[in-house]
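These notes are about the structure you will find just below.
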Amino acid sequence: MNPFSLEYLHGNRLWAAAAVLALAVVYIALQFTRRQYAVRFTNLDLLDKIAPARPDWRRHVPAALFVLMGLFMVVAWAEPIREEPVARETSTIVLAIDTSLSMMADDVDPSRFVAAQSAARQFVADAPETAEVGLVSFDGNARVRVNPTTERDGLLRAIDDLFLDEGTAIGEALALSLEVIGDIDQSTSGDPIPTAVVLMSDGETTVGQDNAAGIELAQELGVPVTTIAFGTPFGTIELDEVPGPIDVGVKEEELIEIAEATGGTFFNADSIEQLAQIYADVGTEIGTEPEIVNLAGRFVGWGLLLAALAAALNLLWFQRLP
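If you want the working numbering, it's the position in the sequence shown, counting the first as 1, plus 29.
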């Protein structure tokens with residue numbers, strides 16, 4: 030950080046730096062005076078005994094650090110300011126989790142459904158405290174489990190309480206999630222609140238409206254939909270009323286289409302560890318706004334560090350404090 034490139038609330042106080050530099054000049058002059066006195070002392074053997082040789086450069090290091098400390102304190106006194114970009118963390122995200130029977134497949138360890146719950150809990154844990162997160166579940170029907178909120182305990186309990194049922198209504202879930210987002214009052218904020226949907230599923234709509242209607246609505250509202258596919262093409266489940274295994278291979282194509290069409294991002298179960306990146310895609314990096322920052326505290330901190338370093342070196346080299 031270059032002090033010469035900063036603006037100051039009290040620029041006239043920088044003249045105090047002249048006093049610090051004057052002290053530095055006095056110190057240098059005293060060193061020359063001491064050297065001249067040593068030369069005039071003719072009994073060199075006695076001089077060696079009463080004034081043993083010292084590492085001259087080390088003797089000057091603490092003094093130089095104290096001069097720098099003084100300059101930093103003067104800069105802090107003048108109160109430097111700078112315009113810095115400050116990220117806004119406010120955003121609204123709706124998690125839509127597939128609770129259809131196909132999610133019991135164990136081709137993702139320990140199962141698609143348990144993996145989806147784990148991913149959702151991690152997502153909530155990583156979200157900034159100011160981010161409002163809502164929860165929608167869907168099987169044959171879509172339901173709002175939790176409206177967008179900053180309260181995390183109830184949201185985590187709702188994720189744990191999810192259960193499986195028949196059917197997969199992705200289109201219905203998408204429409205309901207967007208309806209929840211559409212109810213947000215944007216009038217109280219200067220800029221629109223960033224919004225997004227994160228959809229977790231094994232990827233195939235079997236009941237309700239198709240995905241196209243939800244995609245169109247997301248495009249109209251400008252809401253990106255990030256999708257996460259759980260499973261492999263070879264997943265199967267077993268039901269008591271159906272003989273033999275039932276093929277429930279994951280259908281990534283639909284989830285990829287939803288993400289690409291709405292400006293979201295597609296992930297699969299192998300990239301669960303990248304959920305922090307998902308949040309970056311859907312709202313953490315929501316833009317910045319300029320803010321005037323007072324840097325006086327930073328310069329005070331750096332000055333104190335220099336003083337501590339000078340004292341430590343003096344104690345280490347000469348067994349005394351300056």
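By construction, the Cβ of each residue, glycine as well, lies at the ideal position given by its N, Cα and C atoms.
- [ ] Can you give me the start and stop residues for the alpha helix (DSSP H) that Pro152 sits inside?
- [x] One point to set straight first is that residue 152 is Phe, not Pro, in the sequence displayed. Taken as a continuous stretch (DSSP letters only), the alpha helix (DSSP H) holding Phe152 covers 141-155.
Task: Residues near Ile188 by beta carbon distance below 7 Å, same chain, minus five either side - done: Gln146, Ala149, Arg150, Leu164
Open item on the list: At the level of alpha carbons, what is the spacing between Asn31 and Gly332?
Closed with: 15 Å
- [ ] Report all residues from its chain with a CB closer than 6 Å to the CB of Trp346; omit the five preceding and five following residues, and keep chain order.
- [x] Arg87
TODO: Mark Gly260 as exposed unless 16 or more other C-beta atoms lie within 10 angstroms of its C-beta, in which case mark it buried.
DONE: buried
Open item on the list: Could you tell me the alpha carbon to alpha carbon distance between Ala105 and Ser34, rounded to whole angstroms?
Closed with: 14 Å
Open item on the list: Suppose the cutoff is 8 Å on Cβ atoms and the five residues either side in sequence are ignored; what does the same chain contact list for Pro274 look like?
Closed with: Thr265, Ile266, Glu267
- [ ] Give a yes or no on whether the C-beta atoms belonging to Gly243 and Leu207 are separated by under 8 Å.
- [x] yes
Task: Chain-order list of residues whose beta-carbon lies under 6 Å from that of Thr179 (same chain, five-residue window excluded) - done: Glu161
TODO: Buried or exposed for Glu195, please, with buried defined as at least 16 other CB atoms from any protein chain shown within 10 angstroms of its CB.
DONE: exposed
Open item on the list: Need the endpoints of the beta strand (DSSP E) that Arg42 sits in, please.
Closed with: Looking at the DSSP string, Arg42 is not in any beta strand (DSSP E), and its letter there is neither H nor E.
Open item on the list: Helix, strand or coil, according to DSSP, for Gly251 in the structure here?
Closed with: coil
TODO: Could you tell me the distance, in whole angstroms, from the CA atom of Phe296 to the CA atom of Glu113?
DONE: 34 Å
Task: Three-state class that DSSP yields for Asn297 in the structure shown - done: strand
Task: Among Asp138, Arg327, Ala339, Leu335, nearest to Ala107 - alpha-carbon criterion - done: Arg327
Task: Proximity of Thr224 and Asp127 at Cβ, strictly below 8 Å - done: no
Task: Runs of alpha helix (DSSP H) lying entirely within the segment 172-253, each at least 4 residues, in chain order - done: 181-189, 199-211, 240-250
- [ ] Measure how close the beta-carbons of Val254 and Gly293 come, nearest whole angstrom, since I'm counting them as under 8 Å.
- [x] 4 Å
- [ ] In the DSSP assignment, find the alpha helix (DSSP H) that holds Gly330 and state where it starts and stops.
- [x] 325-347
TODO: Just tell me which of Met98, Val103, Pro272 has its CA closest to the CA of Ala45.
DONE: Val103
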